[in-house]
Every structure is written in structure tokens, then in C-alpha cells.
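Novice:
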């Protein structure tokens, strides 16, 4: 029965994307079909085969080891500051971002990541017929955040149509940065975090090109990987990566202080007026969506609360809320909700993407800001598509 509900959920997502399409006749059904088949095969291999489970477990263990190594620097700087046995979110989760951001910066400077991304994007472009810039950006977003991902294609943005801009913006919002992935893994099962990052790249393209089909795009533009970094030496890349990671950690910490406090205030206000907290209200609003994604009926309120919180605030606030429920939830709910949380799809991301685009091309930024809410809806549908698909194989 849960499989049938999940399939119904997929039909609803695709149906909504079709209704939102600005040019239904131009939809590239072949590209959509190819990427959907790729997703099904990838999901099947990752979650239903021995070799797939072994590989994803090995990758997860590798990242866990990297986190442990990175904590050496954290302990050196703040050792003794935190009482033994206490779990401090800023220390144990956020500060590791500095180390992983530095690693990504070095791998980018050495052209290791840009070359991998360029050829994976080129392969995806060749088999789907989509433009090379669009597919490069989608793959690039597996590793880099919203702003960094857009900067990597800044030399191509001035030539993009509004539909192209919509697709790359959805890809940016539906992704997460590998530099903060390590923080996610400290809270959620690694296999779902890693699986979501890979699958979201395809989901974003699928939803994006249905809603805003590619038209008059240069299919085989040469990607200039020089845009990937401005570092002039490996030591500069280390410094830049560490500083960027430090900024992200502080920004996330500041947002959490603000959002968690604000949510508590709003909950108290709603409780006083209607006897129901805002978080509980979100649970009822998003419960039907959770059900369509395959979450068992007795757990849809918890799932709905988490999903609603993520959309209203950000993924970190939602994860902090969700981890408290994980021990009492079924594996399917844990998997579906964990995958749903792995994206930047929330209201604040509209401003981040518009601001990043403003720094690159003011004219294109005004176009992006006009479809901000539609972009958020599309990115949320991307999360629904990926989470529902994964749920079918749990």
C-alpha cells in the first residue's frame, strides 16, 4: 500500500510541475525520462543492492573519519572550554565546517573537483541533450553552495534566458554545500544525506526543465573552470577556504539563535491564543504532503512539523527538531524526512540567490527576484520528488 501511495505522490509532483510549466509544448520529455530512469537505477543500487549499500556505507565512514580528523583542530583551539561529556552544537557540529570548507577549497584550486564536475556535467549533457552549462551547474551544486555555485558559471550568465536562469536557480536552492554536509552527517544517517545530494541534482533538472523548458540555449558551450576559484596559490586556497568556512559557521550559528528563539516565541503566542503551537499547526498543514511521500499515517504529524519548520526557517533548525524524534520513528519516516531536509529550499534562500545574482549581473538579478516564490515551490517539489523516490526503496 505504501508503494502505491508513493507512486501517487510522484504523480502529484509531476502533475503540479506540468501545471506550472510556462511552455508545455517545449517540455523535453526524453530528457525527463532519461534522468528519471537514472534516478530509479541510482536509488535501487544505493539502497537495495549489497554493493550499493557497501559503497555508500564506505563513503559515509570516510566522511565520518574526515570529521574526526577535522575535530583535532577544533579540540586544539577550544579544548577544555567545553565540559567533558557535554554536547555543544556550535563546537561539535558547526566548527567542523571550517575544516571541510578548507578541503574543498584546496581540491578546487588543484582543479581536481572542477575537472570531475566538468566531465560528469558533460556526460549528463550528452545523454540528455540539455545545455552543458545547465548540467555543469547541477553537478557543481552537489559540492558547492548557492553563491559559490553561481560564481562558477558567472561568465555564462549574461547569455542566459529567463528559463535558463530559473533552472539554475532551482538547482542552487535544491542543493546543499559539501562543506556543511559533514555537519548534517553528525545529525542524520549518512546514507540518506549522501543519497539526497546525488539525487537532488537530477531532481532539480527534471522539475526545472518541466516548469521552464530550455529554449534557444547553447547546447555545447565550453565550460571555463577558471571561474571556480580566485586563489593564486595553494596556501591562499587554504586560507580562503578556512575563512569562508568560519563565516558560514558563524552565520549558521547566528541564524539558529534567531530562528530557534523566534520559533519558541511564535509557539508561545499561538499556544496562548488558540491552544496550539505554530509547530503543531505546521504539522497538520504538511501532514498530507508527508503522507503522499510515503510516511506511515501514524507518523505524518511529526514529519509534517519537521518539513514545515524547514521551509519556514532552515534545514538546521528542522534537523535539530527532528533528531529528537528519530529513535521513536520507523526507518521509512527517518529516510524520507532526512532526504527531504537535504536542501536549501526555504524563504531566506530566495534572498541569498537574488543577492548572489545581483553581484554577478544586476539585469539578470531582477529577473530572478521576480520568480522567487515559484523558485521556492519548485525547489520544495525537488525535495519531495527525491524523498518520495527514496521512500519507495526503504
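Residue numbers (the working numbering): 723 to 1116. Ideal Cβ placement from N, Cα and C applies to all residues, glycine included.
Where does residue 898 fall in DSSP's three states?
Specialist: Start at 1 with the first residue of the chain shown, and residue 898 comes out as number 176. Coil, per DSSP.
Novice: If we ignore side chains and look at the alpha-carbon of each, how far apart do residue 976 and residue 936 end up?
Specialist: Taking the chain shown and counting its residues from 1, the one referred to as residue 976 is at position 254. Taking the chain shown and counting its residues from 1, the one referred to as residue 936 is at position 214. Looking at the two C-alpha atoms, the distance is approximately 38 Å.
Novice: Do residue 756 and residue 932 come within 7 Å of each other at the CB atom, strictly closer than that value?
Specialist: Numbered from its first residue, the chain shown carries residue 932 at position 210. Numbered from its first residue, the chain shown carries residue 756 at position 34. The answer is no: Cβ separation not under 7 Å.
Novice: Would the region 785 to 793 and the region 814 to 834 be scored as touching if the rule is three or more Cβ pairs under 8 Å?
Specialist: These segments touch.
Novice: I'd like the list of long-range same chain contacts for residue 766, defined as Cβ closer than 7 Å, with 5 residues on each side in sequence excluded.
Specialist: On the chain shown, residue 766 is found 44 positions in, with the first residue counted as 1. Excluding sequence neighbours, residue 766 sits near 1115.
Novice: Applying the criterion that 16 or more other CB atoms from any shown protein chain within 10 Å of the CB defines a buried residue, is residue 674 buried or exposed?
Specialist: Here the chain covers residues 723 to 1116 and nothing more, so residue 674 does not appear.
Novice: Between the beta-carbon of residue 896 and the beta-carbon of residue 865, is there less than 7 Å?
Specialist: Here residue 896 is taken as the residue at index 174 of the chain shown, counted from 1. Here residue 865 is taken as the residue at index 143 of the chain shown, counted from 1. No, the Cβ-Cβ distance between residue 896 and residue 865 is not below 7 Å.
Novice: Roughly how far, in whole angstroms, is the beta-carbon of residue 964 from the beta-carbon of residue 823, given that I think they are within contact range, below 8 Å?
Specialist: Position 242 of the chain shown, counting from 1, holds the residue named residue 964. Position 101 of the chain shown, counting from 1, holds the residue named residue 823. About 7 Å; that satisfies the 8 Å criterion.
Novice: Starting from residue 761, trace the alpha helix (DSSP H) in both directions and tell me its first and last residue.
Specialist: If you number the chain shown from 1, residue 761 lands on position 39. 751 to 770 is the extent of the alpha helix (DSSP H) around residue 761.
Novice: For residue 1046, which of helix, strand or coil comes out of DSSP?
Specialist: Here residue 1046 corresponds to residue number 324 of the chain shown, with the count starting at 1. In the structure shown, residue 1046 sits in coil (DSSP, three-state: anything other than H, G, I, E or B).
Novice: Please list the terminal residues of the continuous alpha helix (DSSP H) segment that includes residue 848.
Specialist: The count along the chain shown starts at 1 and reaches residue 848 at position 126. Here the alpha helix (DSSP H) through residue 848 covers 834 to 850.
Novice: So what's residue 1017 in DSSP terms, helix, strand or just coil?
Specialist: For the purposes of this step, residue 1017 is taken as the residue at position 295 of the chain shown. Reduced to three states, the DSSP call for residue 1017 is coil.
Novice: With a threshold of 16 other CB atoms inside 10 Å of the CB of residue 845, please say whether the residue is buried or exposed.
Specialist: For the purposes of this step, residue 845 is identified with residue 123 of the chain shown, where counting begins at 1. Classification for residue 845: exposed.
Novice: In angstroms with no decimal places, state the Cα-to-Cα distance between residue 1029 and residue 955.
Specialist: To locate residue 1029, count along the chain shown from 1; it is residue 307. To locate residue 955, count along the chain shown from 1; it is residue 233. Roughly 42 Å separates the two Cα atoms.
Novice: Going by C-alpha to C-alpha distance, which of 857, 840 and 839 sits closest to residue 847?
Specialist: Here residue 847 is taken as the residue at index 125 of the chain shown, counted from 1. Of the listed residues, the one whose Cα sits closest to residue 847 is 857.
Novice: Which of the three DSSP states is assigned to residue 1097 in this structure?
Specialist: By 1-based counting over the chain shown, the position of residue 1097 is 375. Three-state DSSP puts residue 1097 in a helix.
Novice: Please report the straight-line C-alpha distance between residue 797 and residue 733, rounded to a whole angstrom.
Specialist: Looking up residue 797 in the chain shown gives position 75. Looking up residue 733 in the chain shown gives position 11. Going by the C-alpha atoms only, they are around 49 Å apart.
Novice: Just verifying my parser: in three-state terms, what is the DSSP assignment at residue 864?
Specialist: Translated into the one-based positions of the chain shown, residue 864 becomes position 142. Coil at residue 864, not helix or strand.
Novice: At 3 residues or longer, what runs of the beta strand (DSSP E) sit wholly inside the region 954 to 1038?
Specialist: Qualifying beta strand (DSSP E) stretches: none in this window.
Novice: Across the region 1066 to 1078 and the region 1017 to 1033, are there enough close Cβ pairs to call them in contact, namely three or more that are closer than 8 Å?
Specialist: Yes, the region 1066 to 1078 touches the region 1017 to 1033.
Novice: Is there contact between the region 882 to 897 and the region 832 to 845, where contact requires at least three CB pairs shorter than 8 Å?
Specialist: The region 882 to 897 vs the region 832 to 845: no contact.
Novice: For a test of the three-state rule: what should DSSP assign to residue 1089, helix, strand or coil?
Specialist: As a working note, residue 1089 is residue 367 in the chain shown. Helix, per DSSP.
Novice: Checking 7 Å against the spacing of the C-beta atoms, do residue 782 and residue 912 come in under that value?
Specialist: As a position in the chain shown, residue 782 is number 60, starting the count at 1. As a position in the chain shown, residue 912 is number 190, starting the count at 1. Yes, these two residues count as a Cβ contact at 7 Å.
Novice: Please state if the CB of residue 1076 and the CB of residue 1061 are separated by a distance shorter than 7 Å.
Specialist: What you label residue 1061 is simply residue 339 of the chain shown in a count that begins at 1. What you label residue 1076 is simply residue 354 of the chain shown in a count that begins at 1. No, Cβ-Cβ distance for residue 1061 and residue 1076 is not below 7 Å.
Novice: Taking residue 985 as the reference, give the member of 907, 1004 and 853 with the closest Cα.
Specialist: Here residue 985 refers to the residue found at position 263 of the chain shown. Nearest of 907, 1004 and 853 to residue 985, Cα basis: 1004.
Novice: Terminal residues of the continuous alpha helix (DSSP H) containing residue 936?
Specialist: On the chain shown, position 214 is the one that residue 936 refers to. Careful: residue 936 lies outside any alpha helix (DSSP H) and carries neither H nor E.
Novice: So is residue 723 buried or exposed if we call it buried at 16+ other beta carbons inside 10 Å?
Specialist: As a position in the chain shown, residue 723 is number 1, starting the count at 1. So residue 723 counts as exposed.
Novice: Contact defined as beta carbons within less than 8 Å: I believe residue 730 pairs with residue 1014. What is the distance between those atoms, to the nearest angstrom?
Specialist: Locating residue 730 in the chain shown gives position 8, where the first residue counts as 1. Locating residue 1014 in the chain shown gives position 292, where the first residue counts as 1. About 6 Å separates the two Cβ atoms, so the contact holds.
Novice: Which residue from 1109, 1108 and 1073 puts its Cα closest to that of residue 1097?
Specialist: Here residue 1097 corresponds to residue number 375 of the chain shown, with the count starting at 1. Nearest of 1109, 1108 and 1073 to residue 1097, Cα basis: 1073.
Novice: Can you grab the Cα-Cα spacing for the pair residue 889 / residue 776, in whole Å?
Specialist: The residue given as residue 889 occupies position 167 in the chain shown. The residue given as residue 776 occupies position 54 in the chain shown. The alpha-carbon atoms of residue 889 and residue 776 are separated by roughly 33 Å.
Novice: Please name the residue, chosen from 972, 1108 and 908, that lies closest to residue 1045 on a Cα-to-Cα basis.
Specialist: Taking the first residue of the chain shown as 1, we reach residue 1045 at position 323. Considering only alpha carbons, the answer is 908.
Novice: Should residue 855 and residue 875 be called a contact, given that it needs their Cβ atoms to be closer than 7 Å?
Specialist: Position 133 of the chain shown holds residue 855. Position 153 of the chain shown holds residue 875. A contact, by the Cβ cut-off of 7 Å.
Novice: Whole angstroms are fine: how far does the CA of residue 987 sit from the CA of residue 762?
Specialist: For the purposes of this step, residue 762 is taken as the residue at position 40 of the chain shown. For the purposes of this step, residue 987 is taken as the residue at position 265 of the chain shown. Each residue's alpha carbon lies about 42 Å from the other.
Novice: Smallest Cα separation from residue 926: which of 753, 1041, 728 and 745?
Specialist: One-based indexing of the chain shown puts residue 926 at position 204. That would be 753, whose Cα lies nearest to the Cα of residue 926.
Novice: Compute the beta-carbon to beta-carbon distance between residue 917 and residue 1048, rounded to the nearest angstrom, for a pair I have assumed lies under 8 Å.
Specialist: Residue mapping note: residue 917 aligns to position 195 of the chain shown, counting from 1. Residue mapping note: residue 1048 aligns to position 326 of the chain shown, counting from 1. Going by Cβ atoms, the distance from residue 917 to residue 1048 rounds to 17 Å, so no, they are not a contact pair.
Novice: Would you kindly check if the distance between the Cβ of residue 978 and the Cβ of residue 1038 is under 7 Å?
Specialist: Working through the chain shown from its first residue, we reach residue 1038 at position 316. Working through the chain shown from its first residue, we reach residue 978 at position 256. Taking 7 Å as the Cβ cut-off, residue 1038 and residue 978 qualify as a contacting pair.
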